[in-house]
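Protein chains: 2
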Amino acid sequence: MLHPGQVPLRSHGRSPDGGKGLARDTRVRWALEEVGQPHVVRHVSFGAMKEAGHLALHPFGKIPTYEEGDLVLFETGAIVLHLAELHTGLLPKDPDARARAITWMFAALNTVEPPIFELANARLLEGDKPWSKERLPLVMDRVRKPLHQLSARLGDADWLDGEFSAGDLLMVNVLRRPAATDVVKEFPNLVAYIERGEARPAFRRAYDAQHEVFARAQVPA
Amino acid sequence: MLHPGQVPLRSHGRSPDGGKGLARDTRVRWALEEVGQPHVVRHVSFGAMKEAGHLALHPFGKIPTYEEGDLVLFETGAIVLHLAELHTGLLPKDPDARARAITWMFAALNTVEPPIFELANARLLEGDKPWSKERLPLVMDRVRKPLHQLSARLGDADWLDGEFSAGDLLMVNVLRRPAATDVVKEFPNLVAYIERGEARPAFRRAYDAQHEVFARAQVPA
Chain A
1 MLHPGQVPLR SHGRSPDGGK GLARDTRVRW ALEEVGQPHV VRHVSFGAMK
51 EAGHLALHPF GKIPTYEEGD LVLFETGAIV LHLAELHTGL LPKDPDARAR
101 AITWMFAALN TVEPPIFELA NARLLEGDKP WSKERLPLVM DRVRKPLHQL
151 SARLGDADWL DGEFSAGDLL MVNVLRRPAA TDVVKEFPNL VAYIERGEAR
201 PAFRRAYDAQ HEVFARAQVP A
Chain B
1001 MLHPGQVPLR SHGRSPDGGK GLARDTRVRW ALEEVGQPHV VRHVSFGAMK
1051 EAGHLALHPF GKIPTYEEGD LVLFETGAIV LHLAELHTGL LPKDPDARAR
1101 AITWMFAALN TVEPPIFELA NARLLEGDKP WSKERLPLVM DRVRKPLHQL
1151 SARLGDADWL DGEFSAGDLL MVNVLRRPAA TDVVKEFPNL VAYIERGEAR
1201 PAFRRAYDAQ HEVFARAQVP A
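Sequences listed follow chains A and B, in order. So the first sequence is residues 1 to 221, counted in the numbering used here. So the second sequence is residues 1001 to 1221, counted in the numbering used here.
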């Protein structure tokens, strides 16, 4: 049963990250908290994610999905942009500044995240392969290059372009991916940037809510 | 010198793809043609892309960049979305249909392209490594999975959600990446989908313009 104005978000019941706020739904939960959109999280098991019912919502069988009346959205970038357009607080009103903030959203997801995704695959899916040790430094270099450029652009600013925006929200989330940690910590201003994101009250609320769900779902091993 | 309403797009003078329309600027050129936005292409050499002047426009030292008055955008997804918002023809007017089309833009760039990017790296940057032959099938499987799901969702429809949209434009472009060709051709409906995109007059105009630039730049080897 939904309360008025409340939207359902489907996500893992028991995230593989142990409630650390590292799964992709954290991006959307954080955005929901930033804009104050009431929501309820409905849990989807890993098995159910591959079934027809969930594939109708999310053709790639992943989480999260977002529902609002008849509208069903998947892709965290699209959900965050939708929320940013519906409410104030995640995109500047000035049209040029708004377009630049959206550019940072795409930069997070299409420039910075793909090599991190590749590094995560190298660690999680190929860590036991004979080539793993020799190959890992090559893949880390592919992550290092855009992070070096991102660090240079950020400089000593708080956020990527003026006020905090949906671009920062996605970028901080992408940089928090565990595979990237070792490379990120080579850039102190990116570490401080992530900490600024994590210190936002909306991030704390989203993180705490997610952690609580995990704690409740805990069963003895 | 710009004509009224004309915007500059900075791109490769001599694309490594030999003018086949495979570099990322094709996405933007195609979108510019779909919406009828006058533009002029300014060429950037590979050397100049890493210099301060270009890094001020594009912090990651890539192409394309898009300029409109004082506004400078990079990231093909952001530029295509900006053009789609400025003009008619790339996003539906109905708000729900519009949000779904934007979802497909992000799906192209954050779900379908990252494994293709990884496969391109496996071929171009690691083709001579001792692990290349054994590893390539693993990486192709990572591309195959989302393409299988995309093929299932597309079915026998012409486009991903109703009329042709910016989501289709980006998806067709991502699927045209050469690294993906062998996997894409396992899915006849995706092959036909790409062909439908390539048959659009705006795609032809963008492709021909790009090819002509390459032909002019040709010098004897």
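Every residue, glycine too, gets a C-beta built ideally from N, C-alpha and C. Just so you know, these numbers come straight off a predicted model, no measurement behind them.
Residue environment, residue i, which counts as buried when at least 16 other CB atoms sit within 10 Å
i	result
residue 1083 (chain B)	buried
residue 46 (chain A)	exposed
residue 1114 (chain B)	buried
residue 1025 (chain B)	buried
residue 1040 (chain B)	exposed
residue 170 (chain A)	buried
residue 1149 (chain B)	buried
residue 1103 (chain B)	buried
residue 56 (chain A)	exposed
residue 1181 (chain B)	exposed
residue 48 (chain A)	exposed
residue 1125 (chain B)	exposed
residue 1199 (chain B)	exposed
residue 210 (chain A)	buried
residue 163 (chain A)	exposed
residue 118 (chain A)	buried
residue 1186 (chain B)	exposed
residue 1146 (chain B)	buried
residue 220 (chain A)	Annotation note: pLDDT 41 at residue 220 (chain A) (below 50); position unreliable, no value reported.
residue 202 (chain A)	buried
residue 1212 (chain B)	exposed
residue 1059 (chain B)	buried
residue 134 (chain A)	exposed
residue 195 (chain A)	exposed
residue 5 (chain A)	exposed
Residues bridged to residue i [DSSP beta-bridge criterion]
i	result
residue 12 (chain A)	A:44
residue 1065 (chain B)	B:1010
residue 211 (chain A)	BP columns for residue 211 (chain A) are empty, so no partner.
residue 39 (chain A)	A:7
Inter-residue spacing [alpha-carbon to alpha-carbon] between residue i and residue j
i	j	result
residue 193 (chain A)	residue 167 (chain A)	13 Å
residue 1063 (chain B)	residue 1144 (chain B)	28 Å
residue 1153 (chain B)	residue 52 (chain A)	11 Å
residue 100 (chain A)	residue 1073 (chain B)	6 Å
residue 1189 (chain B)	residue 1176 (chain B)	14 Å
residue 1204 (chain B)	residue 1037 (chain B)	16 Å
residue 1132 (chain B)	residue 88 (chain A)	49 Å
residue 1165 (chain B)	residue 1033 (chain B)	13 Å
residue 71 (chain A)	residue 157 (chain A)	37 Å
residue 54 (chain A)	residue 123 (chain A)	28 Å
residue 206 (chain A)	residue 27 (chain A)	9 Å
residue 1108 (chain B)	residue 191 (chain A)	29 Å
residue 127 (chain A)	residue 140 (chain A)	14 Å
residue 98 (chain A)	residue 1086 (chain B)	13 Å
residue 9 (chain A)	residue 78 (chain A)	14 Å
residue 1066 (chain B)	residue 1042 (chain B)	10 Å
residue 1095 (chain B)	residue 68 (chain A)	12 Å
residue 129 (chain A)	residue 155 (chain A)	38 Å
residue 1011 (chain B)	residue 44 (chain A)	44 Å
residue 1151 (chain B)	residue 183 (chain A)	36 Å
residue 1110 (chain B)	residue 90 (chain A)	20 Å
residue 1173 (chain B)	residue 1137 (chain B)	23 Å
residue 92 (chain A)	residue 1080 (chain B)	19 Å
residue 161 (chain A)	residue 2 (chain A)	37 Å
residue 178 (chain A)	residue 116 (chain A)	9 Å
residue 29 (chain A)	residue 159 (chain A)	20 Å
The alpha helix (DSSP H) enclosing residue i, as first and last residue numbers
i	result
residue 1170 (chain B)	1166-1175
residue 1095 (chain B)	1095-1106
residue 1110 (chain B)	Careful: residue 1110 (chain B) lies outside any alpha helix (DSSP H) and carries neither H nor E.
residue 1082 (chain B)	1076-1086
residue 1133 (chain B)	1132-1154
residue 1053 (chain B)	1052-1057
residue 196 (chain A)	188-198
residue 1182 (chain B)	1181-1184
Start-to-end residues for the beta strand (DSSP E) that takes in residue i
i	result
residue 1125 (chain B)	Element bounds for residue 1125 (chain B): n/a, residue is neither H nor E.
residue 72 (chain A)	71-73
Item to check | Interfacial residues, the stretch 75-86 of chain A to chain B, with Cβ spacing under 7 Å | outcome: Contact annotation: in the stretch 75-86 of chain A, residues whose CB is within less than 7 Å of a CB in chain B are 75, 77, 78, 81 and 82.
Next on the checklist: If the cut-off is 8 Å on Cβ atoms, which residues from the stretch 1141-1175 of chain B count as contacting chain C, listed in chain order?
Outcome noted: Of the protein chains in this structure, namely A and B, none is chain C.
Next on the checklist: Counting only Cβ-Cβ distances shorter than 7 Å, please list the residues of the stretch 49-70 of chain A near chain B, keeping chain order.
Outcome noted: Taking 7 Å as the Cβ-Cβ cut-off, the stretch 49-70 of chain A approaches chain B at 59, 60, 61 and 70, given in chain order.
Checklist entry - Taking a cut of 9 Å between CB atoms, which residues from the stretch 175-193 of chain A lie near chain B? => result Only those residues of the stretch 175-193 of chain A whose C-beta falls short of 9 Å from the nearest C-beta of chain B would be listed, and there are none.
Next on the checklist: Give me the subset of the stretch 24-49 of chain A whose CB atoms are less than 8 Å from a CB atom of chain B, sorted by chain position.
Outcome noted: For chain B, none of the residues of the stretch 24-49 of chain A brings a beta carbon within less than 8 Å of one of its beta carbons.
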